[in-house]
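*Asks:* In full-length UniProt numbering, the protein residues as written are 1 to 238.
What follows is a single structure, and I will ask about it in a moment.
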Ligand code: ATP
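Now the structure itself:
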């Protein structure tokens, strides 16, 4: 059974249809990439999975349990963490406070919170020295690390990452993706929305391509690298 299963989703913003038909799966130990042009519906797919938007049709299952239609807090508590595009940190709160907010749902004691921060910082040691600084004072790359670390504070089984590379210098993106790969190796399933297909491919086993609200291509990364359409549209090899 897949860890996460998305079946035949359709979704609207008012009368505008953003998703027409989206189905995908993520196994428990997999990083799966979701590619597509601006406006294809990648962000909307993540919003439906995490319960921020109700689908008009279709279902989402986590470990076989239907989660679509349930409130976002419940979905987080079951083990789905969403790291949104643009990071959405609380800029005036410290890094530590931002991290604590990622664990709100777990109702931990103060001492447990502190040890969870330690656990998560093992992935992002550079943040240790910034814990008591306000989030706005960090670089873009560090802020993205805080956003991912905050997601990990809920101890997720599935991590939804929306465009983690956005606006970051190539060398920072490389470091960040090394960490994303490590999070995957340690047993968290990841659904990775990315415009940067070469980086996404470097950490993913399989990938889906979306066009205008539907999945149009889906295969292993090894095979997609050889796919002419994917090469032209996403790998800049056309
Ligand atoms: P991007 O990389 O630009 O975020 P995306 O693939 O994630 O693109 P979505 O953000 O999911 O695409 O958008 C899918 C469609 O829904 C687009 O046509 C977009 O204009 C529309 N849309 C997104 N958010 C809203 C909203 N809040 N209200 C109305 N339409 C929206």
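Glycine included, every Cβ here is placed at the ideal spot set by N, Cα and C.
Counting C-beta neighbours from all protein chains within 10 Å, is the total for residue 79 16 or more, i.e. buried, or is it exposed?
*Replies:* Flag for residue 79 reads buried.
*Asks:* Once DSSP output is grouped into helix, strand and coil, what is the label at residue 61?
*Replies:* Note: residue 61 maps to strand in three-state DSSP.
*Asks:* How close, in whole Å, do the beta carbons of residue 159 and residue 141 come, if the pair is a contact with beta carbons under 8 angstroms?
*Replies:* Contact flag wrong, Cβ pair sits at about 18 angstroms.
*Asks:* Does ligand 1 have a heavy atom nearer than 7 angstroms to the CB of residue 85?
*Replies:* Yes; taking the cut-off as 7 angstroms, the Cβ of residue 85 has a heavy atom of ligand 1 nearer than that.
*Asks:* I'd like the list of long-range same chain contacts for residue 41, defined as Cβ closer than 6 angstroms, with 5 residues on each side in sequence excluded.
*Replies:* Excluding sequence neighbours, residue 41 sits near 18, 19, 210, 213.
*Asks:* With DSSP as the reference, please indicate the residues paired to residue 207 in a beta bridge.
*Replies:* Paired residue(s): 33, 219.
*Asks:* Would you say residue 196 touches ligand 1, meaning its beta carbon is less than 7 angstroms from a heavy atom?
*Replies:* Not so, every heavy atom of ligand 1 lies at least 7 angstroms from the Cβ.
*Asks:* Measure the C-alpha to C-alpha separation of residue 66 and residue 59 and round it to an integer number of angstroms.
*Replies:* The alpha-carbon atoms of residue 66 and residue 59 are separated by roughly 7 angstroms.
*Asks:* Identify the residues that DSSP records as bridge partners of residue 103: which are they?
*Replies:* The partner list for residue 103 (beta bridge, DSSP) is empty, contrary to what the question assumes.
*Asks:* Do you know how far the Cα of residue 153 is from the Cα of residue 116?
*Replies:* Cα to Cα, residue 116 sits roughly 7 angstroms from residue 153.
*Asks:* Please classify residue 196 as buried or exposed, where buried requires at least 16 other C-beta atoms within 10 Å of its C-beta.
*Replies:* That one is buried.
*Asks:* Between the beta-carbon of residue 177 and the beta-carbon of residue 149, is there less than 8 angstroms?
*Replies:* No, the pair does not count as a contact, with Cβ atoms beyond the cut-off.
*Asks:* Does the distance between the C-beta of residue 38 and the nearest non-hydrogen atom of ligand 1 fall short of 7 angstroms?
*Replies:* Under cutoff, so the answer is yes.
*Asks:* Does the stretch 201-208 come into contact with the stretch 7-14, if we say contact requires no fewer than three beta-carbon pairs (one atom in each stretch) closer than 8 angstroms?
*Replies:* No, the stretch 201-208 does not touch the stretch 7-14.
*Asks:* Give a single yes or no on whether residue 208 has its beta carbon closer than 7 angstroms to a heavy atom of ligand 1.
*Replies:* No.
*Asks:* My output table needs one value for residue 182: the three-state DSSP class, helix, strand or coil.
*Replies:* Three-state DSSP puts residue 182 in a helix.
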